[in-house]
DNA sequence: GCTCTATCACCAGACGGG
DNA sequence: CCCCGTCC
DNA sequence: ACATGGTGATAGAG
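Numbering (the UniProt record's numbering), first residue to last: 1 to 295.
Now the structure itself:
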């Protein structure tokens, strides 16, 4: 889940920590990408007309493979060496979020059934997208494809975002590319947005540098994490959160000194903080570039 | 008229032929 | 360039 | 992912 308004907060308060970049400036660089996020997008959009998707002779969905292959080719042609990071089991704190998604999909399926029964094309289009779920099979299909074309695959022990931020911190990739601002909270030193956007969409690659953000906003990393948790979980704006952190230094001190804000019951901020500060990641993975399998 | 700003509908993969 | 059909 | 965020058209203010 994203942190609402973090981009704007950075634009306003750390403008020199972010810069527009050209795709060419990443020529030859290794860049980590969240695979599951990509697969989800492909399943939603690639070759879809109503409930119809791209399928093979056996009737199995191939939209994710189609999307993954061509996107990867684009990156490679731009001289970028992608490293795809796959999600492992989610942390407990995300369980309720996942339960929410599950029930949304269930509701989507019901509404889809109604739409199909009444032949409402518009509704079929709308609700079929809500039933999309990335399965283990989709993930395995894509891992196999990537390995066959010699693109490194990393299997995260838990959250992919955490893993690729760790890869970046360890210098094993130059940067991470995502649309989810959580990557910054996980401390990926260089974070790119809009890397995959086609040039036709006329949106430049945006590069964020953590050290500059911290310097310019006058925060340490722990405070930046607290800021993200405050403005993410908690219903206050980014600017207010920033002021509170500057004033009090940490969530604990804010809660001690301020009671005019409504605190959610059992707000698990310290668990959230732990997920960002000490996420479950693997360091043995060394994304090797394999030679393409000619078959 | 002109530029700057505010709103709002609209869109979300990639390719290639015509 | 855009438009639109195709990818499986 | 009925999310969110960026875009481009349009309208109003100075």
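C-beta atoms are modelled at their ideal positions from N, C-alpha and C, and glycine is treated no differently.
Spatial distance of residue i from residue j (CA atoms)
i	j	result
residue 112	residue 49	14 Å
residue 217	residue 270	22 Å
residue 151	residue 44	24 Å
residue 37	residue 256	38 Å
residue 147	residue 189	27 Å
residue 115	residue 105	15 Å
DSSP three-state assignment for residue i, whether helix, strand or coil
i	result
residue 30	strand
residue 65	helix
residue 209	strand
residue 48	coil
residue 153	strand
residue 177	strand
residue 86	strand
residue 145	helix
residue 283	coil
residue 80	coil
residue 55	strand
residue 119	coil
residue 243	helix
residue 221	helix
Of the residues the options, the one placed nearest residue i, counting alpha carbons only
i	options	result
residue 41	30, 138, 117 and 93	138
residue 7	183, 258 and 117	183
residue 209	192, 282, 158 and 118	192
residue 178	29, 165, 170 and 108	165
residue 313	283, 146, 257 and 224	Since the first residue shown for the chain is 1 and the last is 295, residue 313 is missing from the structure and cannot be characterised.
residue 175	212, 80 and 283	80
residue 107	90, 92 and 128	128
residue 109	91, 96 and 123	123
residue 24	39, 53 and 74	74
residue 143	77, 241, 65 and 203	65
residue 167	282, 202 and 201	282
Local Cβ density within 10 Å of residue i, reported as buried at 16 or more and exposed below that
i	result
residue 134	buried
residue 34	buried
residue 70	exposed
residue 232	buried
residue 229	buried
residue 279	buried
residue 118	exposed
residue 67	buried
residue 254	buried
residue 185	buried
residue 27	exposed
Anticipated Cβ contact below 8 Å, residue i with residue j, distance rounded
i	j	result
residue 187	residue 5	That belief does not hold up - the Cβ atoms of residue 187 and residue 5 are roughly 20 Å apart, past 8 Å.
residue 251	residue 226	5 Å
residue 19	residue 215	About 15 Å; that fails the 8 Å criterion.
residue 173	residue 32	4 Å
residue 160	residue 92	Contact doesn't hold; Cβ gap of about 17 Å is too wide.
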